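Have a look at the structure below before the remarks.
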Amino acid sequence: MVRDMTTSSGDWDWSRLVSLLPSGILDQIVAVPPPNENFSTDTLGWRWNDNMDFSISSAYDFLMSNNLHPSDAVWKRIWTLEVSQRVRVFLWVTLHQRHLTNAERFRRHLAPSAVCSICSHAIEDIDHMLRHCSMARYLWPRVVPPSMLDEFLHRPFISWLRDNIFYQHSNRVLADDWNCRFAILCWLLWKDRCDNIFNSVDSNREGLLIRGNRLLDECVRAFETRSHSQPTILAHQRWSKPPLGWVKANVDASVEIEGGKAAVGGVFRDELGYWLGGFTRNIGCCSAFLAELWAVHDCLSRAWSLSYRRLVIETDCMEVIRLLKSPSTSRVGQSLITWILNWAQKDWQLVFRYVPRSLNRLADRLAALGRLSSREGITLPVPPTDLVSLVEEESESADPALLVAHNWGSAESVVYFNINV
Ligand SMILES: [Zn+2]
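With UniProt numbering, you'll find the sequence shown wraps up at 421, consecutive numbering, no jumps.
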């Protein structure tokens with residue numbers, strides 16, 4: 001039974017689990033609270049809907065989208081790529097596989113056949129157009145290293161798109177910002193194709209070489225002039241100190257977009273902005289939302305054992321605040337929420353507060369560190385060397401503490417426990 005895999009103190013019995021299960025499964029178990037009689041009973045949930053409720057539309061979306069989940073992070077990622085808006089729109093349509101290729105036109109009875117009019121391949125679909133038609137076969141080997149090319153050209157189409165959009169530079173072969181170059185090249189391939197078909201440009205071998213080189217030049221130009229859409233940090237937003245006698249914790253989670261490896265981190269600071277302690281922990285694999293809940297959970301259990309009895313917790317996840325206000329609205333993370341609420345009911349004063357990401361940078365850095373730590377987590381009595389300057393900067397520029405603890409911000413972004421507001 002699952003309960004046989006827990007220790008007498010209620011934690012997972014890792015000594016047994018480790019010998020029985022592969023590490024990928026263990027990573028997923030770290031993020032699951034062990035069974036506990038205080039939690040509500042287990043229920044079945046529909047994984048293709050965020051709220052775990054079944055709906056026909058989510059089932060349809062799942063079946064139609066070539067296994068790309070409607071809440072997949074790639075849908076949002078497209079719109080933050082530093083490329084022009086027309087390239088983003090192109091990617092969006094591509095992920096939906098709605099371009100009017102011959103395969104699609106044939107399917108809709110708009111064309112006599114699905115054959116590619118450029119290379120006479122039997123099916124001109126979006127995959128053929130972006131990876132296998134003559135221009136694509138000319139372009140990709142010029143930008144993708146030979147060692148990667150085979151995999152690049154033959155992996156499943158949607159995961160090929162997704163992985164290249166999410167490409168991260170860390171110790172890999174391709175250049176920084178490969179995802180932007182990739183997006184621009186895909187769009188240029190489409191543009192060239194439309195030119196070729198509708199404006200009858202030269203499609204012989206010389207024409208292909210000339211156009212291919214021109215596309216590579218255009219890619220470099222488009223790359224250099226791409227739009228910058230980084231959010232600007234408002235100058236007046238600063239970290240603020242807690243009131244006298246209170247401790248402030250900043251917590252955050254960090255989840256790798258590819259693979260979903262998750263970690264949490266947090267820091268406790270006193271009314272002068274001094275570092276009281278930090279923590280960070282690897283929590284295996286889970287969604288960003290569950291990771292944010294784990295961050296709050298870890299913060300509470302540590303704060304309690306450190307005997308802090310007046311605590312402000314700042315998170316940059318608004319959903320956490322909403323759930324603490326009305327816990328019944330979600331089946332996702334229900335056990336964790338129950339666990340957090342059990343902590344909150346103890347004999348101490350708590351304020352949970354939403355802050356924008358720019359005010360939660362220290363916790364963000366600590367959470368990122370956690371990916372390298374163990375599932376037991378580590379305690380940091382002093383700040384890690386590369387965070388010292390950030391700690392000093394935040395405490396020196398901090399806003400003075402608000403005098404009354406029940407005046408922390410707008411009603412929807414703060415939750416109080418054991419405080420008469
Ligand atoms: Zn073709």
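For glycine and all other residues, C-beta sits at the position ideal for the given N, C-alpha and C. Source: prediction; values computed, not measured.
Three-state secondary structure assigned by DSSP to residue i
i: residue 76; result: helix
i: residue 314; result: strand
i: residue 229; result: For residue 229, the predicted model reports a pLDDT of 37, less than 50, meaning its position is unreliable; a value from the coordinates is still stated below. Coil, per DSSP.
i: residue 192; result: helix
i: residue 92; result: helix
i: residue 144; result: coil
i: residue 6; result: strand
i: residue 420; result: coil
i: residue 359; result: helix
i: residue 170; result: Any reading at residue 170 must be qualified, since the residue scores a pLDDT of 49, below 50, and its modelled position is unreliable; the value itself is stated next. Three-state result, residue 170: coil.
i: residue 414; result: strand
Close beta carbons around residue i, own chain, < 8 Å, minus the five adjacent residues each side
i: residue 165; result: 74, 77, 78, 81, 91, 179, 182 and 183
i: residue 231; result: Confidence at residue 231 is low in this model, with a pLDDT of 33, below 50, so the placement of that residue should be treated as unreliable; the coordinate-derived value is given next. Answer for residue 231: no residue qualifies.
Which listed residue (the options) has its alpha carbon closest to that of residue i
i: residue 372; options: 256, 320, 313 and 305; result: 256
i: residue 412; options: 272, 30, 398 and 353; result: 353
i: residue 268; options: 285, 313, 238 and 284; result: 313
i: residue 155; options: 326, 130, 143 and 138; result: 130
i: residue 386; options: 376, 375, 361 and 20; result: 361
i: residue 334; options: 31, 23 and 25; result: 31
6 Å Cβ shell around residue i - same chain, five flanking residues per side excluded
i: residue 222; result: 184
i: residue 241; result: 271, 273, 398 and 401
i: residue 416; result: 351
i: residue 162; result: 74
i: residue 278; result: 267, 366 and 380
i: residue 125; result: 101 and 103
i: residue 348; result: 309
i: residue 227; result: Low per-residue confidence applies at residue 227: pLDDT is 45, beneath 50, and the placement is therefore not dependable, though the value from the model is reported in the following sentence. Result list for residue 227: 84, in chain order.
Chain-order list of residues whose beta-carbon lies under 7 Å from that of residue i (same chain, five-residue window excluded)
i: residue 7; result: 13
i: residue 11; result: 34
i: residue 128; result: 116 and 121
i: residue 119; result: 133 and 134
i: residue 106; result: 113 and 114
Range of the contiguous beta strand (DSSP E) that encloses residue i
i: residue 254; result: 247 to 255
i: residue 349; result: 349 to 354
i: residue 268; result: 261 to 269
i: residue 68; result: It is not in any beta strand (DSSP E) - residue 68 carries neither H nor E in the DSSP assignment.
i: residue 426; result: Outside the shown range of the chain (1 to 421) lies residue 426, about which nothing can therefore be said.
Where the alpha helix (DSSP H) containing residue i begins and where it ends
i: residue 25; result: 23 to 30
i: residue 119; result: Run containing residue 119: none; DSSP gives neither H nor E here.
i: residue 284; result: Taken as a continuous stretch (DSSP letters only), residue 284 belongs to no alpha helix (DSSP H), being part of the beta strand (DSSP E) at 275 to 285.
i: residue 155; result: From DSSP, residue 155 is part of no alpha helix (DSSP H); its letter is neither H nor E.
i: residue 18; result: 14 to 20
i: residue 298; result: 288 to 305
i: residue 385; result: Residue 385 -> no alpha helix (DSSP H), and no H or E assigned at all.
i: residue 104; result: 102 to 107
i: residue 335; result: 334 to 344
Lining residues of ligand 2 - beta-carbon closer than 5 Å to any non-hydrogen atom, in sequence order: Annotation note on ligand 2: not contained in the displayed structure, which lists ligand 1 as its ligands.
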